[in-house]
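One structure is given below, encoded as structure tokens.
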Amino acid sequence: MAHGAAGVRWKREAHYKESTVRSFLIALAAIATLCGKPIAALVEPSGDTAPSAVEFSDCVESIGVGLVSTAQAEVLVPAPFIVVGTGTPVTPLVVRTSDCGGIAVDGGPTKAGSVVQIGVVIVPPDFTGDINSYTLLYYTSDVKLAHRLADTGLPAQHVGHLTYDFTPGAPGELHVRVPRPGSPALSVDGRVGNPAHAGSFVANWWVGTDAGAIKMSTTVPAITIGAADLVLTTNPGGALGQLIGGESIGFPLVQQFNAFAGAHMDVTHVP
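In case it helps, this note's numbering puts the sequence shown at residues 517 to 787.
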């Protein structure tokens, strides 16, 4: 009986959080319209900055949006990018984890892999996308993806032992580990619901380089969205720990656990 009550309570929480997610994204888009380096401001391109394309298939992902000091975030986000919390004490930080049955870079072979990325929400530089973030950290278990992004100037790290453990349930469990050589090392843990609410999404992630901006634009034509309750943990003395103000951060603004069959990412240089 207690187990059944817990399941009902989780479903109610999931419905509430899905509504909160939609409300927050609408508000965030309005703010952005009105405003019309791994943990570093600028990254130097190391090689080929030609456009690149990545296909993702059979994916699950978590999205968490928490709050960090605007002053600290602005140190990490160079001009002309503008954090959405400019002029206020705190600003949104996005933490995304994803695990896909297939990742194919520039038409190459498809292989399974995972991604963890962290960024500060910014005003849309080109007024496209449902959300725009400045990339602070990007980890992937896919060596080709990591090297291709690093060549363009993105702060991508290859972490071969990145683990993504998802256990379905009501609720399910998610445990993501970014060990060394990932720097900083971190984990994302918590409970997740079953994705149900359908929609589409375009997410833009940016980074500034000496040669101009690099934009990762991912289009997800069909996505199912569920609730989540997650915490990121890292070394409190490291750069990420200092940004989040300690060992861990929760996500009071948005928490999601999503699923999608396919997505397309274009990586382009914007002078």
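Where is the CB? At the ideal position from N, CA and C, for every residue including glycine.
Please read these numbers as outputs of a predicted model, since none were measured by experiment.
Asked	Found
So, Val611 versus Val637, is the Cβ gap smaller than 8 Å?	no
Taking the C-alpha atoms as reference points, what is the distance between Ala727 and Ser733?	19 Å
Using the rule of at least 16 other Cβ atoms within 10 Å of the residue's Cβ for burial, across every protein chain shown, is Thr586 buried or exposed?	buried
What are the boundary residues of the beta strand (DSSP E) that includes His691?	688-694
So is the beta-carbon of Glu689 under 7 Å away from any non-hydrogen atom of the ligand MN?	This structure lacks the ligand MN, and indeed carries no ligand of any kind.
Can you tell me whether His519 is helix, strand or coil according to DSSP?	Only weak support exists for where His519 lies, its pLDDT of 41 falling under 50; the coordinates are left without a value.
Less than 6 Å between C-beta atoms, sequence neighbours within five positions excluded: which residues of the same chain meet that for Phe776?	Cys575, Val736, Ile739
What span of residues does the alpha helix (DSSP H) with His663 cover, start to end?	659-668
Which residue comes first and which comes last in the alpha helix (DSSP H) that contains Ala571?	One point to set straight first is that residue 571 is Glu, not Ala, in the sequence displayed. Glu571 -> not in any alpha helix (DSSP H); beta strand (DSSP E) instead, spanning 568-585.
Along the chain, where does the alpha helix (DSSP H) that runs through Gly757 open and close?	755-760
Just verifying my parser: in three-state terms, what is the DSSP assignment at Leu653?	strand
In this structure, how does DSSP classify Val632 when only helix, strand and coil are distinguished?	strand
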